[in-house]
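First to last, the protein sequences are chains H and Z. Taking my numbering, the leading residue of the first sequence gets 56, the next gets one more, and so forth. Taking my numbering, the leading residue of the second sequence gets 128, the next gets one more, and so forth. Note that CB positions come from ideal geometry on N, CA and C, so glycine has one too.
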Amino acid sequence: MSLTDLTRQAGEWLRGAGAMHDVVISSRTRLARNLAGMPFLSRCTSAQQHEVEQRLRREVLDAALTREMFYVDVAAAGPLDRQLLVERHLISRQHGAAEHPRGVAVSSSETVSIMINEEDHLRLQVLRSGFELDEAFAEINRIDDRLEERLSFAFHSRYGYLTACPTNVGTGLRVSVMLHLPALKLTNTIEKVVHAAQDMHMAIRGLYGEGTEAMGDFFQLSNQTTLGKSEGQILSEFRDQIVPAIVDYERKAREGLVRQQLLAADDRIFRSLALLRSAMLISSEETMYLLSLVRLGINLGRIRDVELKTVNELFLLTQPAHLQKIHNREMDAAERAACRAAYIRQRLAP
Amino acid sequence: MKGKCEKCDRPATVHMTEIIGGEKIEKHLCEQCAMTAGITIKANVPISQMLEDFVLATSNAPEEAPLSCDYCGITFSEFRSKGLLGCPNDYDALERQLLPLLRRAQEGADHHVGKVPSRAGDDQARQTNILRLRAQLRDAVAAENYELAARLRDHIKEVEP
Ligand SMILES: [Zn+2]
Ligand SMILES: [Zn+2]
Chain H
56 MSLTDLTRQA GEWLRGAGAM HDVVISSRTR LARNLAGMPF LSRCTSAQQH
106 EVEQRLRREV LDAALTREMF YVDVAAAGPL DRQLLVERHL ISRQHGAAEH
156 PRGVAVSSSE TVSIMINEED HLRLQVLRSG FELDEAFAEI NRIDDRLEER
206 LSFAFHSRYG YLTACPTNVG TGLRVSVMLH LPALKLTNTI EKVVHAAQDM
256 HMAIRGLYGE GTEAMGDFFQ LSNQTTLGKS EGQILSEFRD QIVPAIVDYE
306 RKAREGLVRQ QLLAADDRIF RSLALLRSAM LISSEETMYL LSLVRLGINL
356 GRIRDVELKT VNELFLLTQP AHLQKIHNRE MDAAERAACR AAYIRQRLAP
Chain Z
128 MKGKCEKCDR PATVHMTEII GGEKIEKHLC EQCAMTAGIT IKANVPISQM
178 LEDFVLATSN APEEAPLSCD YCGITFSEFR SKGLLGCPND YDALERQLLP
228 LLRRAQEGAD HHVGKVPSRA GDDQARQTNI LRLRAQLRDA VAAENYELAA
278 RLRDHIKEVE P
């Protein structure tokens, strides 16, 4: 298993299955951990950064956390490979762009990724398709327990797991779900969700955009605080309250579309599919936007000759680094636009 | 991505890209106008923003001697400018100045109630001891005192789990 193999598959978490997968694309849990007795990364000397990277790489790989894992030395990887990892949500943008010694261990199914020397010494991540937070947490907790048999993590009797940024202290647990909310966007009722999320003290932001930029109809919802609540409480707020409520809003909005504005909805859905099937040049932004409507069309039962899995894969494989890896060469934006369009036409051919 | 809101004079904080009829349209709005348009997305408040607010809120308070950490050397004002702490000891060393900020970031909470590592009991003093030894080692290397550095390295190996 290597980085190049990644471009031939789409990651288990994008298979378009799991609970509520019509709205919840994936569930993610993340734990931040630091070695006891070691400065946090920003204050490590370069020798210490090397020491941390070497030690954690060895321990993570030796611990046999999943059936098969491969390690990418991110500091040594080329820019395209780094971007590929970012596009696949296996490392953060900052981790891709940094300069110091660092890496990531990835399970072959891509459900587990372990960043070494990100903002904290360790960032564990488990991704799952659909709304499967409890399962994702059970797995990350098992991995954390296994690592704790080998490593001693910085822990404080009052503040819990200690992290470089105080916004992660305590459980170190960040839970998030990726939501596809096209009907709420189309019907201009997305603010309902925003308010509901704010009332629950959750953060909601666009999925593929940077910062506050919202791209298409995809949103990432995550917990804002990590201290003063147990892991179970953090999970139950998602499971019992906010996510079912949002899924319900979105499904009702979809039903409303079908009932009251079927022609208008069909028009947008089938125009999108037609554009994707016939475009000769297409940007990743436009692709994202059109795929979102096709995805809606599939979930509404309007489009029957395209699989959900195909659409999920296209979101991933049409991104810049993926296209270039698939074609095994660097391309400028214009060339990518042509390649992307050709690839989409082929995958969506009726 | 700075700039003014398209609809009023406030700074734009919400930036969106929409594709309508194949044409890319960028929107730059302030939070209020975005909210009115029904497209606002509340982002995670970045820690730097929180720090700025915090500094503004407390700038009238009498000057306090800045706290600092003996092991990593970070001062509270350095933390304030970067938003990142230097080592695990900082939660104690900077506690008096850090705590109000921590509570703000954590919606008032200041006690962990979640998972406890199985080996947590023995740790605090030992963890700090290792931090201290590492700081000494760092200084010994910087001073090119390799004999002391070697001894400290061995000592760290002994006490580290
Ligand atoms: Zn405005
Ligand atoms: Zn310190």
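Taking DSSP's pairing of strands, which residues face residue i in a bridge?
i: Ser277(H); result: Ser231(H), Ala258(H)
i: Phe208(H); result: Leu90(H)
i: Ala160(H); result: Tyr126(H), Ile169(H)
i: Lys101(Z); result: Because chain Z in this structure spans residues 128 to 288, residue 101(Z) falls outside the shown range and cannot be described.
i: Gln180(H); result: Arg85(H), Ser168(H)
i: Val79(H); result: Leu234(H)
i: Thr202(Z); result: Ser195(Z)
i: Tyr216(H); result: Phe210(H), Gly225(H)
Suppose contacts are defined by Cβ-Cβ distances below 8 Å. Is residue i in contact with residue j by that definition?
i: Val366(H); j: Ile353(H); result: yes
i: Leu258(Z); j: Ala276(Z); result: no
i: Thr281(H); j: Asn223(H); result: yes
i: Val232(H); j: Tyr304(H); result: no
i: Arg326(H); j: Leu355(H); result: no
i: Val159(H); j: Leu140(H); result: yes
i: Leu345(H); j: Ala393(H); result: no
i: Gly210(Z); j: Phe95(H); result: no
i: Ala238(H); j: Leu312(H); result: yes
i: Gln109(H); j: Asn172(H); result: no
i: Leu86(H); j: Leu236(H); result: no
i: Leu225(Z); j: Asp237(Z); result: no
i: Gly185(H); j: Val107(H); result: no
i: Leu290(H); j: Phe192(H); result: yes
i: Gln138(H); j: Ala300(H); result: no
i: Leu177(H); j: Arg88(H); result: yes
i: Gln233(Z); j: Gly283(H); result: yes
i: Gly92(H); j: Glu187(H); result: no
Let me check understanding here. Comparing Cα to Cα, which of the options lies closest to residue i?
i: Leu206(H); options: Ser245(Z), Thr255(Z), Leu279(Z); result: Ser245(Z)
i: His155(H); options: Ser57(H), Thr100(H), Met386(H); result: Thr100(H)
i: Ala262(Z); options: Lys131(Z), Glu234(Z), Arg280(Z), Cys132(Z); result: Arg280(Z)
i: Arg70(H); options: Gln104(H), Ser81(H), Ala319(H); result: Ser81(H)
i: Ala220(Z); options: Ile201(Z), Arg231(Z), Ser208(Z), Glu234(Z); result: Ile201(Z)
i: Asn278(H); options: Thr84(H), Gln64(H), Ala65(H); result: Thr84(H)
i: Asp199(H); options: Asp360(H), Tyr216(H), Gln138(H), Met93(H); result: Tyr216(H)
i: Ala41(H); options: Leu241(H), Gly283(H), Thr244(H), Phe293(H); result: Given that chain H is displayed from residue 56 to residue 405, the structure contains no residue 41(H) and the question cannot be resolved.
i: Thr121(H); options: Ser162(H), Gln149(H), Asp254(H); result: Ser162(H)
i: Leu369(H); options: Glu142(H), Val79(H), His76(H), Arg323(H); result: Glu142(H)
i: Arg207(Z); options: Leu228(Z), Asp197(Z), Ile283(Z); result: Leu228(Z)
i: Asp321(H); options: Arg350(H), Gly227(H), Val302(H); result: Arg350(H)
i: Val240(Z); options: His144(H), Thr226(H), Arg197(H); result: Thr226(H)
i: Leu413(H); options: Ala396(H), Val298(H), Ser285(H); result: Outside the displayed range of chain H (56 to 405) lies residue 413(H), so it cannot be described from this structure.
i: Asp77(H); options: His176(H), Ala119(H), Lys307(H); result: Lys307(H)
i: Ala132(H); options: Thr218(H), His150(H), Ala251(H), Asp117(H); result: His150(H)
i: Ser339(H); options: Ala389(H), Asp360(H), Ile358(H), Val302(H); result: Ala389(H)
i: Asp197(Z); options: Val268(Z), Leu260(Z), Glu133(Z), His282(Z); result: Leu260(Z)
i: Gly240(H); options: Ser212(H), His256(H), Gln316(H), Asp272(H); result: Note that residue 240(H) is Lys in the sequence shown, not Gly. The residue with the shortest Cα to Cα distance from Lys240(H) is Asp272(H).
i: Ser285(H); options: Phe208(H), Asn196(H), Gln253(H); result: Asn196(H)
i: Arg69(Z); options: Arg253(Z), His155(Z), Ala192(Z); result: With chain Z running from 128 to 288 in the structure shown, residue 69(Z) is simply not present.
Exposed or buried, residue i, counting other C-beta atoms within 10 Å across all chains shown (16 or more means buried)?
i: Pro405(H); result: exposed
i: Glu341(H); result: buried
i: Lys169(Z); result: Here the model assigns Lys169(Z) a pLDDT of 42, short of 50, so the residue's position is not dependable, and the following value carries that caveat. Flag for Lys169(Z) reads buried.
i: Arg137(Z); result: exposed
i: Ala270(Z); result: exposed
i: Lys131(Z); result: exposed
i: Ser204(Z); result: exposed
i: Glu174(H); result: buried
i: Arg157(H); result: buried
i: Ala334(H); result: buried
i: Thr59(H); result: exposed
i: Gln401(H); result: exposed
i: Ile399(H); result: buried
i: Lys284(Z); result: exposed
i: Gly235(Z); result: exposed
i: Gly66(H); result: buried
i: Val243(Z); result: exposed
i: Asn216(Z); result: buried
i: Asp387(H); result: exposed
(request) May I ask you to list, following chain order, the residues of the stretch 236-251 of chain Z that have a beta carbon less than 8 Å from some beta carbon of chain H? (result) Ala236, Asp237, His238, His239, Val240, Gly241, Lys242, Val243, Pro244, Ser245, Arg246, Ala247, Asp250, Gln251
(request) May I ask you to list, following chain order, the residues of the stretch 273-292 of chain H that have a beta carbon less than 9 Å from some beta carbon of chain Z? (result) Phe274, Ser277, Gln279, Thr280, Thr281, Leu282, Gly283, Lys284, Ser285, Glu286, Gly287, Gln288, Ile289
(request) Give, in chain order, every residue of the stretch 241-262 of chain H whose Cβ lies closer than 8 Å to some Cβ of chain Z. (result) Asn243, Thr244, Ile245, Glu246, Val249, Ala252, Gln253, His256, Ala258, Ile259, Arg260, Gly261
(message) Residues of the stretch 254-269 of chain Z in Cβ contact with chain H at a cutoff of 7 Å, in chain order, please.
(response) Gln254, Ile257, Leu258, Arg261, Arg265
(request) Could you run through the stretch 209-221 of chain H and flag, in chain order, every residue whose CB is less than 7 Å away from some CB of chain Z? (result) Ala209, Phe210, His211, Ser212, Arg213, Tyr214, Gly215, Leu217, Ala219, Cys220, Pro221
(message) So if I threshold CB-CB distances at 9 Å, which residues from the stretch 347-372 of chain H count as touching chain Z?
(response) none
(request) Identify each residue in the stretch 192-216 of chain Z for which the Cβ-Cβ distance to at least one residue of chain H is less than 8 Å, and report them in chain order. (result) Tyr198, Cys199, Gly200, Ile201, Lys209, Gly210, Leu211, Leu212, Gly213, Cys214, Pro215
(request) Scan the stretch 222-235 of chain Z for residues whose Cβ lies nearer than 8 Å to a Cβ of chain H and list them as they occur along the chain. (result) Leu225, Leu228, Leu229, Ala232, Gln233, Glu234, Gly235
(message) Output needed in chain order: residues of the stretch 96-120 of chain H with a Cβ under 7 Å from some Cβ in chain Z.
(response) Ser97, Arg98, Thr100
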